[in-house]
């Protein structure tokens, strides 16, 4: 009996240590509702659920209840405002009650930034986006504000863990990704997040648009990006460069050692950090690829933002 009791005590002690570690290095939704309140409930019929309610004089924008563990969109408590400022190359539609405004871009233009805003009785609380020319290349940098993600795309997969996240629309994670890197605001900015999912057990790629070979000619070229990588069970992130004619599956299965430029492993701390890779002169147009294998943990977060190329006359990147 004494031996059993000692074993039980050690098992309990190890379990408590594990739970403390998980609470320190895990990600939880940070659920707030300005001018309202949030009530978390638990029921053996409905499971965990959350109720959103606004203070008197405010109207809830979004559903009252959130049930289960699926993706949760932000709610807002709103009341009327004056007319909103117009945007070039787009049309703004305001709800009849004056609480919500949305923007729709003209043909051949694409939205950069937020597509909607709400009024808190004094001002419109989310900055509306602008309409930019579609298919504009610019300097090949991307802050993921554009709806087309500047041509970046996720490889086809179900479930799909690579998501473009909106600070205004998506609840962010306490202890983890609170803000994007560009604006560092809770109502402005977008970034790419690899959302850990229980059944995501495959290889998942996030692929750049095709970049021209001449970017790599005549100087040292660096690809720089902002990386958020935090959590007790976060896995490896591999960054590769491949010829545009090579299928991403062939790159990963047959030419991984040649194409891999950098592998970042494990918890990097609860902050955005700059990372960069050097790109040698290419023989053809090329693409950059982010890859994660088996992101099935519920205790980790990977974010990518503000990607850009840096040309340098030396072997070191500089902004």
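Numbering (my numbering), first residue to last: 8 to 326. Glycine residues also receive a C-beta, built at the ideal position from the N, C-alpha and C atoms. Small disclaimer: the values here were computed from a predicted structure and weren't measured.
Residue range of the unbroken beta strand (DSSP E) whose run includes residue i
i           : result
residue 236 : 227-237
residue 155 : Per DSSP, residue 155 belongs to no beta strand (DSSP E) and is neither H nor E.
residue 84  : 83-85
residue 108 : 107-112
residue 200 : 197-202
residue 299 : 293-300
residue 281 : 280-286
residue 214 : 210-214
Unbroken alpha helix (DSSP H) run spanning residue i, endpoints
i           : result
residue 259 : 255-261
Reduced DSSP secondary structure (H/G/I, E/B, other) of residue i
i           : result
residue 309 : strand
residue 160 : strand
residue 26  : Note that residue 26 has pLDDT 42, beneath the 50 cutoff, so the model's placement of it is unreliable and the number below is only indicative. Residue 26 falls in the helix class under three-state DSSP.
residue 349 : Residue 349 falls outside the range modelled here, since the chain spans only 8 to 326, and no answer is possible.
residue 220 : helix
residue 265 : helix
residue 71  : coil
residue 171 : strand
residue 2   : Residue numbering for the chain in the displayed model covers 8 to 326; residue 2 lies beyond these limits and cannot be assessed.
residue 270 : strand
residue 40  : coil
residue 314 : strand
residue 58  : strand
residue 122 : coil
residue 89  : coil
residue 65  : coil
residue 116 : strand
residue 137 : strand
residue 194 : coil
residue 146 : coil
residue 289 : coil
residue 129 : coil
residue 240 : coil
residue 46  : strand
residue 338 : Past the boundaries of the shown model lies residue 338; the chain is included only from 8 to 326, so the question cannot be answered.
residue 177 : strand
Distance between beta carbons of residue j and residue i, contact taken as under 8 Å
i           : j           : result
residue 124 : residue 133 : 4 Å
residue 94  : residue 135 : 7 Å
residue 313 : residue 200 : Actually they are not in contact, since the Cβ atoms of residue 313 and residue 200 sit about 14 Å apart, beyond 8 Å.
Using 8 Å as the Cβ pair cut-off and three pairs as the minimum, do the stretch 154-166 and the stretch 96-108 touch? No, because fewer than three Cβ pairs between the stretch 154-166 and the stretch 96-108 fall closer than 8 Å, the two stretches do not touch.
Could you say if the stretch 212-219 and the stretch 293-303 meet the contact criterion of at least three C-beta pairs nearer than 8 Å? These segments touch.
With contact counted as at least three CB pairs below 8 Å, one residue from each stretch, are the stretch 262-275 and the stretch 236-248 in contact? The stretch 262-275, when compared against the stretch 236-248, does touch it at the 8 Å Cβ threshold.
Does the stretch 133-152 come close enough to the stretch 161-169 that 3 or more CB-CB pairs lie under 8 Å? Contact fails: fewer than three Cβ-Cβ distances are below 8 Å.
With three or more beta-carbon pairs closer than 8 Å as the criterion, would you say the stretch 61-80 touches the stretch 38-49? Short answer: they touch.
Taking 8 Å as the cut-off, does the stretch 226-239 touch the stretch 282-292 (at least 3 CB pairs, one atom from each stretch)? Taking 8 Å as the limit for Cβ pairs, the verdict is that the stretch 226-239 does touch the stretch 282-292.
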